[in-house]
Each structure stands twice: as C-alpha cells, then as structure tokens.
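Colleague:
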C-alpha cells in the first residue's frame with residue numbers, strides 16, 4: 062500500500078488565487094446567505110432553519126430536498142479549505158456556531174438528518190434507495206475531517222464519529238442489521254477519510270462493506286421496497302444502473318447511470334483498493350477509468366451525456382448540445398483521478414485532473430463568482446434551450462442558485478482545496494502533478510525539502526522551481542509531462558538534467574542542494590484536436606486546445622450561426638494574451654470560411670451545392686471555462702474544419 | 062372563386078399501382094383485423110367493439126383513446142378510395158355492414174361518438190380541448206364523402222349530415238350555443254368537403270365559424286375548463302399554440318404547435334379562402350406556407366422537428382435525429398398543398414406534394430405493407446434510439462401497429478387516393494401536376510379531352526402523353542416543371558412546342574387533335590443538395606436528390622459509422638437501376654473518404670488532427686423512402702462533403 066501523505070501547500074498562483082478569493086469573498090458569504098434564506102428572489106433553501114427545527118429551537122416544517130442538509134455540510138467543507146488558505150476568525154466563529162447547532166440537532170443515539178428528525182420521525186432507514194440519509198452523513202463526515210484538519214477543532218468530528226458509530230450498529234451482516242447501502246454513494250469515500258484521521262478501522266471496514274455488497278441479489282432495493290409495501294419495479298427509471306447497483310461493482314464493465322454517483326463510488330473504490338491492496342478492485346477501477354476517459358468523457362472533462370438520469374449513456378455517445386455534463390460530475394472525476402493517481406503514478410490521471418480543473422469544472426462558475434452552471438454543454442444554441450423541451454436542462458446563462466444546489470458548494474470546495482492536487486510523495490519520490498504556482502515541503506526519506514513553484518499556467522508551460530532541502534540530499538523529484546506536450550526540456554541550475562521518463566512523469570534523481578533552480582519548459586502549442594471517429598457528434602470538426610485549456614467560439618466574437626463557420630485546416634492560428642478580457646485570457650484567432658447563400662436563391666431552404674458560397678473571415682476563440690460571461694449567445698467548442 | 066373539378070383518374074403507374082395493391086391486399090385487410098382485435102401480439106384496438114357496445118349489441122366498457130372511433134373512419138375512407146381503383150364486392154359489403162353498425166351506434170339526436178356514448182354519457186361537449194369529439198366527427202364526414210363519391214351509397218353520408226345538423230345546433234353564436242371549437246382541427250376541412258357534395262351552405266358556414274373564432278379572447282379552452290372546474294393553466298403543455306389557438310388564425314405569423322393539427326387547419330383555411338374569396342385568409346395561408354416550407358420543413362417534406370407536443374419548434378431548427386416528422390404530418394402537408402394549388406397555380410405546391418409523396422410519407426410504410434413508422438427521422442443511430450430517453454420516440458425499425466394508430470390508416474388513404482393529386486382543371490386549362498402514369502379526361506370548355514400519361518417516374522423524367530379530344534379543340538394544357546429540373550423540353554408530335562412558362566408551369570396552347578403525342582422530357586440529374594446555412598444541423602453536409610427522390614445512406618451498404626464518411630465534393634456520382642433491390646430502385650454510388658485513426662493512437666478518445674487519416678472508399682445511396690427494409694442499422698440523409 063502506498064498512500065500519498067497530505068501535503069501542506071501554499072498557493073501563490075495568480076489564476077487560482079483569484080478563484081480562491083472569489084470563493085472566500087463571494088461564494089462562501091453568498092452561500093451562507095442562501096442557506097439562511099436571505100437571497101432576495103431566490104427560492105429559500107431552508108437548510109439552516111431545518112437544523113433549528115430539528116434542534117427544537119424553532120417551530121416549523123422541514124422544507125427542501127431530502128438531502129437539503131448536505132448543502133450545509135458542503136459549505137462547512139468549503140469554509141475549512143478556505144480557512145486553510147487564509148484564516149478568518151469571524152468566518153470560523155460562524156462555522157463553529159453552525160457546528161454547535163448541528164450538534165444540538167443530533168439525536169441522542171447519534172443520528173443526524175433533519176428530514177427524518179422533523180418530517181418523518183420513526184421512518185429512518187426505510188428508503189435508502191431514494192432518500193440520501195447516508196449520502197448526507199457522508200458530506201458531514203467530509204466537512205468534519207476538513208474542518209478538523211484545518212482548525213484542529215474536534216467538535217464536528219466527534220459528532221460524526223458518534224453518527225458513524227451508530228450507523229455501524231445499524232448496517233452490517235448481523236441478524237438485526239440492514240444489509241444495505243445508500244442509493245447515492247458518498248459515505249463510502251467519506252468513511253475512508255474519517256478512518257485516515259481517526260485510524261478507526263471499523264470506519265474503513267464499513268466503507269468496504271457498503272462497496273462489497275452493492276448490487277448483490279436478491280437486490281437490497283427490492284427487499285427494502287417490499288418491506289415498505291412498494292412495488293420494486295416502480296423504482297426510479299426502472300433501472301438499478303442509475304445507482305450503479307445493477308451488478309456487484311467488480312462485475313461492472315462500463316460506467317453507467319447517474320454520473321455523480323458513479324464517480325463518487327469509483328473514488329471510494331480506488332481509495333479502498335489502495336488501502337486494502339485489493340487487486341480485483343484495482344482492476345475494476347482501471348477498467349472503468351479506461352471506459353470513462355476513452356469512451357464517455359468530453360474534451361472538457363465533462364461526463365454524463367444524457368439528461369435523463371443525469372447519466373452516462375453509451376460508448377462514444379457524446380452529443381455536444383444535449384449533454385448533461387454536470388459540474389459536480391467533473392468535480393467527482395477529479396476526486397477519482399486523485400485516488401487513481403495514488404494507486405499508480407501515471408500521467409493520465411493528472412491529465413484528466415488538469416483537463417477538468419481548467420475546463421469542465423470552473424465553467425460552472427461565473428467569473429464574478431455569483432452565478433453557476435449545473436449543466437455544461439459544449440455547444441449552445443440559446444433558442445433550442447428556450448424552445449425545445451429536450452433541451453430544457455440547458456441554460457444559456459448561469460443561474461443565481463438552484464433548487465437542488467449541489468453544484469455551487471461543490472465547485473467552491475474544489476477551488477478552495479485545489480492545492481491538495483498539486484503535489485504528493487510516494488515511495489520517497491516527490492511528485493509534481495500540476496503546474497500551479499505554490500510552495501510546499503516534501504519529506505524525502507527523513508529530509509524536509511522545500512519546493513517553491515512559479516508559473517504562469519495555464520497560459521505558459523514555462524515553470525520554475527526553487528528547491529531548498531534542509532540539508533543536501535540525494536533524492537528523486539518527478540514532474541508530470543502533460544499528455545498535450547509535444548516536447549519538454551528540464552534544466553537544473555542552467556544545465557540539461559538527466560531525466561527518466563516513465564508513464565507521463567519525468568524523474569530527476571540527484572543530490573539536491575539549497576537553492577537549486579529547476580526550469581521545466583513545456584512549450585504550449587495551439588492544437589487542432591479531433592475526436593475518435595466513433596464519436597459521431599464531432600465528425601468533421603476540430604476543437605482548439607492550448608496546453609490544458611480547451612477553447613470555444615462565442616457569438617459575441619464571431620457573429621451569429623457558428624455552424625456556418627469552417628476553420629481553415631492548415632492556416633496559422635495566432636495567440637494573444639488579453640489582460641482586459643475575461644480576467645485575462647489567451648485569445649486565439651485565425652482564418653475561417655463562412656458559408657452564405659448567393660443572393661439569387663432567395664428564401665429557399667434547400668438548394669444545390671453550387672448555390673452556396675464561402676467567404677473568407679476570421680474567428681476568435683476564448684477559453685471554454687470563460688464562456689457566457691458576456692451575455693447570452695451561441696457557443697461551440699467543436700468547429701467544422703477542412704482537415 | 063376557382064375550384065378544381067374532381068378528376069376521374071385511372072392509374073397505370075408501376076410505382077403507385079404497386080403501393081395501391083399493397084393497400085388493397087395487405088393494409089386494408091390487416092387494419093380490418095386490427096380494428097377487430099384479431100392481430101396476435103398487438104395491443105387490441107377495440108374500435109369495432111366500441112361501436113357494438115354503443116349500439117347496445119354487446120356488453121362491455123369503452124377501450125382505447127378518446128379518438129379511437131376515427132380509426133374506423135379512416136379505414137372506411139381508405140376502402141372507398143381503394144374501391145375506386147378496383148371494385149371488390151366483398152370488401153364493399155364489409156364496409157356496408159360497418160356503416161350499418163355506425164348507424165345503430167348513432168344516438169337519436171344525431172350524436173356519434175362511442176367514447177361519450179359508452180363511457181361518459183351526459184358529458185358531451187365538456188372538453189373540446191382534449192377529447193376530439195369534432196375531430197372524430199370530421200373523419201367520419203371525410204369517410205362518408207369518399208364512400209358516397211365512389212359507391213353512390215348515401216347511408217353514411219346521411220348519418221353524418223344528421224350528425225352535423227345536430228352539431229350545428231350546438232355550436233354557434235346563439236345564447237344557448239357553444240362558441241367553441243375542437244382542440245384537434247379536422248372537422249373544418251371535412252365540413253367543406255361535405256358542403257361540396259351536399260351543397261348545404263350551413264356546412265360551409267360552420268367550418269368558417271370554427272376557423273374564425275379560434276384563438277379568440279377570452280379563450281374558449283379557459284372558459285370551458287372553468288366550467289368543468291379545472292384550472293385553465295393546467296392545460297396541456299401550458300400553451301395554446303399546441304392547438305394553434307394561441308391567436309386568431311389570421312394573426313398567426315409562423316406555424317407552431319402540433320404539426321398535424323396545424324396542417325389540417327391550414328388545409329381548411331386554404332379551402333375556405335378559396336370558397337369564400339377571403340383575401341385575409343389567403344394571405345395568412347401564403348405566409349404560413351412560406352414559413353413552413355422555407356423555414357421548418359425537412360428535405361423529405363417531413364414537418365414537426367420536436368417530439369414534445371409532436372410539434373413545430375422554431376425557424377431553421379431541423380435536427381435530423383431528434384425530429385418527430387410524423388407520417389401523418391407530411392400527409393397533412395399534401396392535403397394543404399393541394400388546397401394552396403387550388404388558390405394559385407404555382408409549381409411550389411406541386412413541388413411539395415411531390416417531395417412528400419416520394420419521401421416523407423411513404424417512408425412510413427414498410428415495402429411489404431405490414432409495418433409502419435410514426436416518426437420519420439433523417440438520421441438514425443439505433444443505439445441512441447434504444448439507450449437515450451430523449452430519442453425514445455425514434456424507432457430504428459417499423460412497428461406492426463401503434464396504440465395511437467393514426468399513421469397506418471392515414472398513409473393508406475393517401476396512397477389509395479394518390480390519383481386525385483395528378484390533374485386538375487382550372488380556368489379551362491388542363492393541369493398536369495404530377496408525373497404519375499394514368500388516364501384522365503379534362504373538360505376544356507365543353508369538350509372532353511382524354512389524356513393518357515405514361516412515365517417511369519420517379520426514376521425517369523421522360524414522360525409521354527396521348528391526347529384524345531372528342532373533337533379537335535383549341536385549348537391549353539399546363540405541365541408542372543418541377544423545382545428540381547435544370548431544363549426541360551416539350552415536343553408535340555415530334556416538334557418542339559411553343560410553351561409559356563409561368564410560376565413553375567409550362568403552358569401549351571394550341572389546337573389539340575385526336576392522337577396528339579406530347580413528349581415532355583425533364584432530365585433527372587443527381588443533385589448535391591445543401592440546406593440554408595441557418596439550418597445548423599446540416600452545416601457542411603450534402604444530401605443527394607435525383608428528381609423528387611431524396612437519398613440516404615444505410616449501414617447495410619456503407620458499414621458502421623456513417624458519420625465518418627465524407628462524400629467527395631466534385632467526383633462523379635453514378636446511378637444504376639437495380640430491379641432486384643427494394644422493389645426496384647435507382648441506386649447512387651460514388652467516391653468518399655472515411656476518417657480513421659492511425660494505429661499509434663491506441664484507445665485515445667481525443668487526438669491531434671494529424672493522428673487521423675482518411676481512406677478512399679465508395680458510398681452507396683438508396684431512396685430514403687425505402688430505408689429500414691433490410692434490417693436495423695444506421696441511416697443518414699445528410700452526409701459530410703468537402704464542397
């Protein structure tokens with residue numbers, strides 16, 4: 062078993078520090094107001110009120126989704142990560158008060174869930190399939206672990222240990238226990254985190270139990286439904302693949318069902334495989350990873366190509382406009398990739414993390430931090446979103462808040478914790494996975510080695526490191542060479558370093574001395590990307606990518622009807638950094654052709670091919686993550702090209 | 062007012078006679094069995110049984126849709142047209158017996174509807190919005206008119222006159238009358254037909270009443286719902302455009318809502334505009350015609366691009382795979398076009414009729430006459446139809462029968478009556494609208510002129526006519542020059558004729574003598590068609606059309622992944638008539654390129670454009686109407702092309 066030890070990381074990166082300030086200054090306060098029903102015009106969340114009612118401190122009814130509590134948990138988790146980057150005593154006091162409230166809402170036996178406490182007392186654990194009890198618990202566990210790790214305060218951790226100790230009596234193989242699991246996976250990955258900070262093996266075993274029995278026959282959700290007096294076949298969408306319980310997890314060949322549930326489960330599976338050195342689980346994770354990233358993932362690291370069930374559909378079915386590609390799903394993919402990376406030092410995992418964090422995750426948040434996308438399509442024709450029922454999930458502009466508000470707090474916690482993805486130590490090797498300017502300290506053997514990274518990522522692949530071991534030390538540092546790199550050079554103190562490249566990492570083994578300077582240069586070229594021909598939606602089209610950043614064309618830059626544009630296959634594409642635009646972005650531009658009708662065709666809808674002409678024009682592309690920040694209009698990532 | 066007199070037409074056309082035999086020998090008997098619940102494995106129709114129960118001759122409950130009766134009506138109508146082409150005494154006796162049954166199910170006051178008679182007696186006319194009472198009546202009127210015209214038998218006509226006389230007392234401006242209309246337009250067009258055979262002006266006025274008050278405020282469906290105690294806003298899809306009652310018809314700028322309802326209404330409007338010389342209605346019809354055919358119609362003459370509401374969506378929104386393009390909607394478009402043609406001798410109407418009858422209507426029926434498409438997409442990836450909820454309306458294979466069985470009898474009646482679209486006389490000019498081999502007789506002035514047409518349409522534009530006036534007569538014949546024609550030549554008795562071409566018709570005025578031979582040659586070239594650039598779904602793509610026939614590529618001829626094919630923009634496309642294939646079709650073939658990945662990319666989903674290559678290959682295209690007759694597979698009408 063090799064586990065990456067938790068790295069303390071101090072971010073200095075201009076790209077990510079801006080996002081983290083946004084989370085601190087805009088998102089967390091905004092979400093706090095939302096949880097307290099103080100946002101005018103938005104549907105009230107009722108989340109804090111539910112806790113007050115559950116604590117017996119206020120009269121009223123429960124309101125919101127069955128998983129409404131989890132919004133509070135995700136907020137605490139985001140606060141914790143944010144406090145790590147910048148202490149804020151007032152915020153911490155607010156958070157402590159919420160934690161006190163949670164404590165008062167907890168039941169004497171450790172149970173915690175305001176829906177069942179307030180609305181359906183006595184009905185606990187009767188509908189695991191639909192009602193998210195363990196899911197909500199999982200989010201509070203994650204919050205508790207994060208808050209403890211940052212502040213050292215144990216109150217929430219104790220609350221959640223008490224909760225889990227209680228859950229552990231309810232679930233299990235015993236005669237009076239429930240041999241079951243939650244419809245929405247989440248507690249599994251959280252229990253492993255809890256095990257890590259508490260070292261309580263029962264928590265790990267409970268996670269293992271939930272994973273191992275999932276998908277067993279006779280099916281738990283059938284048995285549970287019968288006990289309730291429901292017809293099992295009335296189950297949501299009539300398919301257990303929705304919750305990845307159609308088969309035991311080790312028998313699942315492809316990713317299917319609700320994408321967020323899937324990647325949360327895969328995260329737990331990879332983490333368990335690592336903790337338990339479980340070869341069959343490891344193989345399953347790798348098979349599912351390959352399926353997702355080679356058959357079911359968008360160029361932006363979006364996953365979930367179907368709105369119905371917010372789900373994976375089938376291999377190579379990647380419609381750009383109908384996709385669901387939920388912000389949360391890409392975030393979950395990042396969680397999973399990190400655990401896969403812990404299983405195996407392979408650059409493909411870092412590639413996906415990078416693809417996700419610079420594209421399909423942060424596309425979910427407005428540049429000013431006040432609005433959010435739940436759905437992140439790669440092509441939008443606003444009229445379709447407004448007029449077609451089959452596109453009703455697609456929004457052409459970010460929304461202030463959602464009834465089901467999972468994505469905003471989720472993107473907040475990802476951004477606030479982005480530092481945790483940059484480095485790791487494994488087998489005494491210090492790994493650099495991401496090029497985010499920051500400082501950390503590796504412990505190589507018994508020597509502490511401070512590393513400071515500076516870069517202008519994602520706009521430049523020119524990265525500097527200063528290495529400061531407490532004393533000169535022989536050791537290995539490994540640098541991820543991204544999948545998009547055509548070449549790289551790595552100099553130490555001005556001289557080309559001897560590197561060994563293996564599975565996407567360049568390993569440099571030498572004696573490291575105080576003040577060593579590493580210069581890693583990974584030229585970022587503008588790439589015309591194509592999709593595998595089986596991905597029909599992208600046939601005849603290219604997408605522009607520069608470094609990890611995927612580009613898109615917007616109507617505001619390119620006029621109406623982006624489909625009428627064709628990018629010239631061989632002409633030069635130019636880049637220009639525009640500091641004023643969209644908080645500073647590299648802009649791409651080049652030559653294109655626009656199809657137009659000749660004037661003598663009149664109003665004809667169909668004509669002979671000789672009746673259309675193409676006129677020379679230019680195109681402008683901006684980073685995908687920054688789309689829809691300048692009003693509403695068409696957008697497309699994939700553009701026709703005469704390759 | 063100019064009305065086309067009803068032409069007696071005797072078909073000799075090999076293409077259409079085959080279809081008519083199919084209707085006679087397969088469809089009509091099959092549908093009769095279906096109406097009588099004798100098809101094993103198919104959901105019982107219960108339609109005939111409902112009539113027996115309503116007639117008090119059998120015990121039982123009503124089953125089926127509220128409009129189940131209309132299946133019987135459409136069957137009778139198809140039988141009538143079929144008897145016109147070939148008398149069949151046994152079939153006629155069966156039909157007479159059904160008509161007797163209908164008579165016995167009619168209520169003493171003239172009311173006829175088994176749903177309300179059996180299931181909700183006393184609730185007549187309480188939910189016009191949803192329950193199709195007048196719609197069903199309209200179909201029986203159409204059946205009655207057709208059966209009377211063919212057989213001279215008046216029984217059903219009398220039943221329906223009695224029905225309409227009763228309806229005329231219920232609906233109107235009077236104090237005790239309902240100032241309302243049906244949610245599904247149909248009776249309007251039927252009443253005009255009934256007026257023509259009976260010359261009863263009240264019937265025409267009733268049609269006019271229904272059309273004129275539609276969309277008035279306060280809205281009839283609101284008032285009606287309130288009377289029922291329903292909340293008006295609970296109305297289907299929350300929009301009155303679904304039934305084209307969101308605005309008075311003359312204020313409707315674009316076609317919207319349920320496509321079949323729309324074109325049935327437009328048919329009545331055009332017919333009324335003609336009968337009443339109503340200029341504002343005429344202008345409305347022309348505006349809506351232009352909108353449909355220039356902005357909302359597929360190349361196959363399919364209409365209705367959205368499944369939700371089986372509806373028009375918005376201008377240029379023409380997705381090939383998600384479309385609804387119901388068989389019935391294209392059939393309704395033919396009805397409408399014929400009435401537009403009666404308003405104005407303009408080739409565009411005949412062009413649409415031709416486009417519909419050789420493409421998007423007959424695509425609805427299997428070549429062997431036993432299975433049917435309700436939805437006629439222009440692109441199918443069977444996996445999407447099976448795995449994506451948003452494509453659940455799409456079928457990759459025709460189905461034996463439908464719960465809502467509107468399309469099979471509708472296509473039967475269109476095919477059986479196809480002769481009625483070929484000729485007309487207007488202002489003493491004999492018009493030839495379609496090139497379907499047949500014989501007819503024009504009355505020009507007071508001279509009967511027999512015309513015999515022979516052709517091998519739709520495979521050849523080489524058409525012969527023999528003209529036999531009872532005596533030599535000075536007169537004009539007009540021949541439609543199709544929109545797809547690049548040129549034509551018209552010879553009379555071996556000499557180039559003097560023609561005047563106006564609005565898509567070539568007029569030949571001369572003295573016609575016994576045995577005059579006309580040779581009209583309209584060369585059919587293989588056309589690479591493109592769509593207006595605003596129709597985004599077809600950007601960068603061509604469709605092949607030869608004469609009126611639109612082509613498609615099928616997987617069975619071209620292998621998997623049709624999206625990976627690109628047709629060479631300039632290379633020759635060859636044609637070959639294959640007598641053995643699909644009952645004999647012209648097959649097109651030519652050069653194409655297929656995109657493939659280079660071997661060193663492995664399993665990558667995304668790659669640089671240089672990592673894909675194109676290999677030379679060939680493609681084979683077959684007529685669209687004949688797709689899905691050789692098992693299941695991909696199909697596409699629009700194919701990428703380097704134009």
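Chains as they are written, first to last, in this note's numbering: chain V, 62 to 704; chain Z, 62 to 704. For glycine and all other residues, C-beta sits at the position ideal for the given N, C-alpha and C. In this text, all values refer to a predicted model and were calculated from it rather than measured experimentally.
1) Out of Z:595, Z:348, Z:321, Z:281, which has the shortest C-alpha to C-alpha gap to residue 311 of chain Z?
2) Just curious, the alpha helix (DSSP H) that residue 555 of chain Z is in, first and last residue?
3) Going along chain V in order, which residues have a C-beta closer than 8 Å to the C-beta of residue 552 of chain Z?
4) If we require 4 or more residues per run, which alpha helix (DSSP H) segments fall completely within the segment 278-335 of chain Z?
5) Out of Z:455, Z:511, Z:578, Z:587, point me to the one whose CA is closest to residue 547 of chain Z's CA.
6) DSSP on residue 176 of chain V, reduced to helix/strand/coil?
7) Rounded to whole angstroms, how far is the Cβ of residue 373 of chain Z from the Cβ of residue 346 of chain Z, which I believe are closer than 8 Å?
8) Check whether the segment 359-379 of chain Z and the segment 581-598 of chain Z touch, using three or more Cβ-Cβ pairs below 8 Å as the test.
9) Just to confirm, is the Cβ distance from residue 406 of chain Z to residue 492 of chain Z under 9 Å?
10) Taking buried to mean at least 16 other C-beta atoms within 10 Å of its own C-beta, is residue 396 of chain V buried or exposed?
11) Taking the CB atoms as reference points, tell me whether residue 437 of chain V and residue 387 of chain V lie closer together than 9 Å.
12) Using the Cβ count rule (16 or more neighbours within 10 Å means buried), how would you classify residue 178 of chain Z?
13) Comparing C-alpha positions only, which one of V:319, V:665, V:650 sits nearest to residue 657 of chain V?
14) Tell me, please, whether the CB atom of residue 619 of chain V is closer than 9 Å to any CB atom in chain Z?
15) With distances taken between CB atoms, is the gap from residue 216 of chain V to residue 161 of chain V smaller than 9 Å?
16) Let me know the alpha helix (DSSP H) ranges lying completely inside the segment 226-274 of chain Z, each 4 residues or longer, listed in chain order.
17) Check whether chain Z comes within 9 Å of residue 318 of chain V, counting only Cβ atoms and requiring the distance to be less than that.
18) Do residue 477 of chain Z and residue 403 of chain Z have their beta-carbon atoms positioned less than 9 Å apart in this structure?
19) Given this structure, state the Cα-to-Cα distance separating residue 74 of chain Z from residue 650 of chain Z, to the nearest angstrom.
20) Restricting to runs no shorter than 4 residues, where is the alpha helix (DSSP H) found entirely within the segment 136-187 of chain Z?
21) Using CA coordinates, which residue listed in Z:639, Z:488, Z:627 is at the minimum distance from residue 678 of chain Z?
22) Tell me whether residue 595 of chain V sits in a helix, a strand or coil according to DSSP, three-state version.
23) Compare the C-alpha of residue 699 of chain Z against each of Z:458, Z:645, Z:360 and name the closest.
24) What does the Cβ neighbour count give for residue 504 of chain V, buried or exposed, with the cut at 16 atoms within 10 Å?
25) Of all the CB atoms in chain Z, is at least one closer than 9 Å to the CB of residue 307 of chain V?
26) Quick one: what does DSSP say residue 604 of chain Z is sitting in, helix, strand or coil?
27) Once DSSP output is grouped into helix, strand and coil, what is the label at residue 401 of chain Z?
28) Excluding the 5 residues flanking residue 549 of chain V on each side, which residues of the same chain have their C-beta closer than 6 Å to its C-beta?
29) Which residues in the same chain as residue 281 of chain Z place their Cβ atom closer than 6 Å to its Cβ, once the five residues preceding and following it in sequence are excluded?
30) Looking at residue 599 of chain V and residue 578 of chain V, is the spacing between their C-beta atoms short of 9 Å?
31) Looking at the secondary structure, which residues open and close the beta strand (DSSP E) in which residue 683 of chain V lies?
32) With a threshold of 16 other CB atoms inside 10 Å of the CB of residue 641 of chain Z, please say whether the residue is buried or exposed.
33) Can you tell me the Cα-Cα spacing of residue 140 of chain V and residue 134 of chain V, whole angstroms?
34) Could you tell me which chain Z residues have their CB closer than 7 Å to the CB of residue 10 of chain V, listed as they occur along the chain?
35) Drop a sphere of 10 angstroms on the beta-carbon of residue 663 of chain Z, count the other beta-carbons inside from all chains shown, and report buried for 16 or more, exposed for fewer.
36) Nearest-angstrom Cα distance between residue 65 of chain Z and residue 278 of chain Z?
Modeller: Reading from the atomic positions:
1) The residue with the shortest Cα to Cα distance from residue 311 of chain Z is Z:348.
2) Element bounds for residue 555 of chain Z: n/a, residue is neither H nor E.
3) Within chain V, no C-beta atom comes nearer than 8 Å to that of residue 552 of chain Z; the closest sits roughly 27 Å away.
4) Whole alpha helix (DSSP H) segments, 4+ residues: 281-289.
5) If we check each option's Cα against that of residue 547 of chain Z, Z:587 comes out closest.
6) If DSSP states are grouped into helix, strand and coil, residue 176 of chain V belongs with the helices.
7) With 8 Å as the limit, residue 373 of chain Z and residue 346 of chain Z do not qualify as a contact, their Cβ atoms being about 16 Å apart.
8) Yes, they touch.
9) Contact flag set, yes.
10) Residue 396 of chain V counts as buried, since at least 16 other C-beta atoms from the protein chains shown sit within 10 angstroms of its C-beta.
11) In this structure, residue 387 of chain V lies closer than 9 Å to residue 437 of chain V by Cβ.
12) Counting Cβ neighbours within 10 Å, residue 178 of chain Z comes out buried, since at least 16 surround it.
13) Relative to the Cα of residue 657 of chain V, the nearest Cα in the group V:319, V:665, V:650 belongs to V:665.
14) The beta-carbon of residue 619 of chain V is placed no less than 9 Å from the nearest beta-carbon of chain Z.
15) Taking 9 Å as the Cβ cut-off, residue 216 of chain V and residue 161 of chain V qualify as a contacting pair.
16) Taking only runs of at least 4 residues, the alpha helix (DSSP H) segments lying wholly in the segment 226-274 of chain Z are 248-259, 262-274.
17) No - not a single Cβ of chain Z is within 9 Å of the one on residue 318 of chain V.
18) Contact check for residue 403 of chain Z against residue 477 of chain Z fails: the beta carbons are separated by 9 Å or more.
19) Those two C-alpha atoms are separated by around 26 Å.
20) With a minimum length of 4 residues, the continuous alpha helix (DSSP H) runs that stay inside the segment 136-187 of chain Z are 150-166.
21) The shortest C-alpha separation from residue 678 of chain Z is found at Z:627.
22) Coil at residue 595 of chain V, not helix or strand.
23) For the residues Z:458, Z:645, Z:360, the minimum Cα distance to residue 699 of chain Z belongs to Z:360.
24) It is exposed - the Cβ of residue 504 of chain V has fewer than 16 other Cβ atoms within 10 Å.
25) Closer than 9 Å to the CB of residue 307 of chain V there is not a single CB belonging to chain Z.
26) Residue 604 of chain Z falls in the strand class under three-state DSSP.
27) The DSSP-derived three-state label of residue 401 of chain Z is helix.
28) Scanning its chain for C-beta atoms nearer than 6 Å, with the 5 sequence neighbours on each side dropped, one finds around residue 549 of chain V the residues 542, 583, in chain order.
29) Hits under 6 Å: 241.
30) No, the Cβ-Cβ distance between residue 578 of chain V and residue 599 of chain V is not below 9 Å.
31) Counting along the chain, the beta strand (DSSP E) containing residue 683 of chain V begins and ends at 673-684.
32) If you draw a 10 Å sphere on the C-beta of residue 641 of chain Z, you find fewer than 16 other C-beta atoms in it, and that means exposed.
33) The alpha-carbon of residue 140 of chain V is positioned some 10 Å away from that of residue 134 of chain V.
34) Chain V is shown from 62 up to 704; residue 10 of chain V falls before or after that span and cannot be answered.
35) Per the 10 Å Cβ criterion, exposed.
36) Reliability of the predicted coordinates at residue 65 of chain Z is poor, the pLDDT of 42 falling under 50, and no value is obtained from them.
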